[in-house]
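The sequence shown begins at 14 in my numbering and counts up one residue at a time. Before any comments, here is the structure.
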Amino acid sequence: MRWLVAPWTVAVFYPIVAVTTVLWGFLAVVLSALSRRVGHHCGTVWAWCLTRASFVRVTVEGRERMQPGRSYVIMTNHQGDYDILALYGDLRCQFRWVMKAELRKVPFLGWGCAAIGHVFVDRSNSRAAIASLEAAKPRLTGGISLLFFPEGTRSTDGRLLPFKKGGFVMARQLGFPILPVSISGSARILPKRCLLPRPGTIRVRIHPPVEPGEYPGDPELIAAVRAIVASGLEPEEGGDDRPDRSAPV
């Protein structure tokens, strides 16, 4: 089957990406004017279609740990671009991404994300990033969660990176529990600088929620959540335990 992947990707999959991104991005803009929850479902259908069209299977463990109607700050590792498709297409809950500001300018994709209410942050300006998160607070009601990649960027080799503190500060301010999520296998589907996705399986594991108030400070909370996320990864995806001293978001 592998010898069919390249011609399928070029002749079929990439046109599907283009058409569905334009279609569902446009629908997300239009329908979000009526309801951002409906707009979010446009993204779900888009992502689900793209994973299946590239012969990627997504399995999710632990959905029962998400209480319906409750908001969380979701913390998940970031192995590659297919993390976004796996979470959007298969997590089955309303959430808003925290994403880099540059994505807002991407035609249809960025426009749809902005209409749905995803949160764009300037990673080069900590003060502006925090202001963007503050402005998002009123949108996080009625079971809408906020999703962070606490590593701040995708891993180059699939291994877990140090966590930044911005999402943990936000969780304390909101009073939301943190929902740790582990993504395994995504780095093998589409390695960095690779243009051809490979058939395979992405495993998403949802862990029990963590209450920020049970930890005396952010360092202890960050270490605990990172250890939980790491526990759901394969040995070769294990992490770098050095503390992160870069920007907080």
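Ideal Cβ placement from N, Cα and C applies to all residues, glycine included.
Report yes if the C-beta distance between Thr-33 and Arg-105 is below 9 Å; otherwise report no.
Taking the first residue of the sequence shown as 1, we reach residue 33 at position 20. Taking the first residue of the sequence shown as 1, we reach residue 105 at position 92. Arg-105 sits away from Thr-33, with the two beta carbons spaced by 9 Å or more.
By the 10 Å Cβ neighbour count, where 16 or more other Cβ atoms means buried, how is Gln-92 classified, buried or exposed?
To locate residue 92, count along the sequence shown from 1; it is residue 79. Gln-92 counts as buried, since no fewer than 16 other beta carbons sit within 10 angstroms of its beta carbon.
Do Ala-46 and Ala-128 have their C-beta atoms within less than 9 Å of each other?
Numbered from its first residue, the sequence shown carries residue 46 at position 33. Numbered from its first residue, the sequence shown carries residue 128 at position 115. Yes, the pair counts as a contact, with Cβ atoms nearer than the cut-off.
Identify, in the order they occur along the chain, each residue of the same chain with its Cβ nearer than 7 Å to the Cβ of Ala-99, setting aside the five sequence neighbours on each side.
Counting from 1 along the sequence shown, the entry for residue 99 is found at position 86. Excluding sequence neighbours, Ala-99 sits near Thr-64, Val-71, Ile-196, Ser-199, Ile-215 and Val-217.
Mapping the DSSP letters down to three states, classify Ala-184 as helix, strand or coil.
Mapped onto the sequence shown, residue 184 falls at position 171. Three-state DSSP puts Ala-184 in a helix.
In the DSSP assignment, find the beta strand (DSSP E) that holds Leu-159 and state where it starts and stops.
On the sequence shown, residue 159 is found 146 positions in, with the first residue counted as 1. For Leu-159, the enclosing beta strand (DSSP E) has its first and last residue at 158-161.
So, helix, strand or coil for Arg-258, using DSSP?
Translated into positions along the sequence shown, residue 258 becomes position 245. Here the model assigns Arg-258 a pLDDT of 40, short of 50, so the residue's position is not dependable and the matter cannot be decided.
Pull up the DSSP beta-bridge partners for Ile-215, would you.
Start at 1 with the first residue of the sequence shown, and residue 215 comes out as number 202. In DSSP, Ile-215 forms a bridge with Val-71.
Just to confirm, are Pro-120 and Gly-38 a CB contact at a threshold of 9 Å?
Taking the first residue of the sequence shown as 1, we reach residue 120 at position 107. Taking the first residue of the sequence shown as 1, we reach residue 38 at position 25. Going by C-beta atoms, Pro-120 is nearer than 9 Å to Gly-38.
C-alpha distance - Ser-244 paired with Asp-231, whole-angstrom precision
Your numbering for residue 244 matches position 231 in the sequence shown. Your numbering for residue 231 matches position 218 in the sequence shown. Near 20 Å, if we compare the C-alpha coordinates of Asp-231 and Ser-244.
If I follow the unbroken alpha helix (DSSP H) through Leu-98, where does it start and stop?
On the sequence shown, residue 98 is found 85 positions in, with the first residue counted as 1. Run containing Leu-98: 95-103, per the alpha helix (DSSP H) assignment.
Flag this pair as yes or no: are the beta carbons of Val-134 and Lys-113 separated by less than 9 Å?
Residue numbering aside, residue 134 sits at position 121 when the sequence shown is read from its first letter. Residue numbering aside, residue 113 sits at position 100 when the sequence shown is read from its first letter. Yes.
Taking 9 Å as the cut-off, decide whether the C-beta atoms of Pro-221 and Leu-234 are in contact.
In the sequence shown, residue 221 corresponds to position 208, counting from 1. In the sequence shown, residue 234 corresponds to position 221, counting from 1. No, these two residues do not count as a Cβ contact at 9 Å.
9 Å Cβ cutoff met for Tyr-101 and Ala-60
In the sequence shown, residue 101 corresponds to position 88, counting from 1. In the sequence shown, residue 60 corresponds to position 47, counting from 1. By the CB criterion at 9 Å, Tyr-101 and Ala-60 fall inside the cutoff.
Can you check whether the CB of Thr-89 is closer than 9 Å to the CB of Val-242?
Position 229 of the sequence shown holds residue 242. Position 76 of the sequence shown holds residue 89. With contacts defined by Cβ atoms closer than 9 Å, Val-242 and Thr-89 form a contacting pair.
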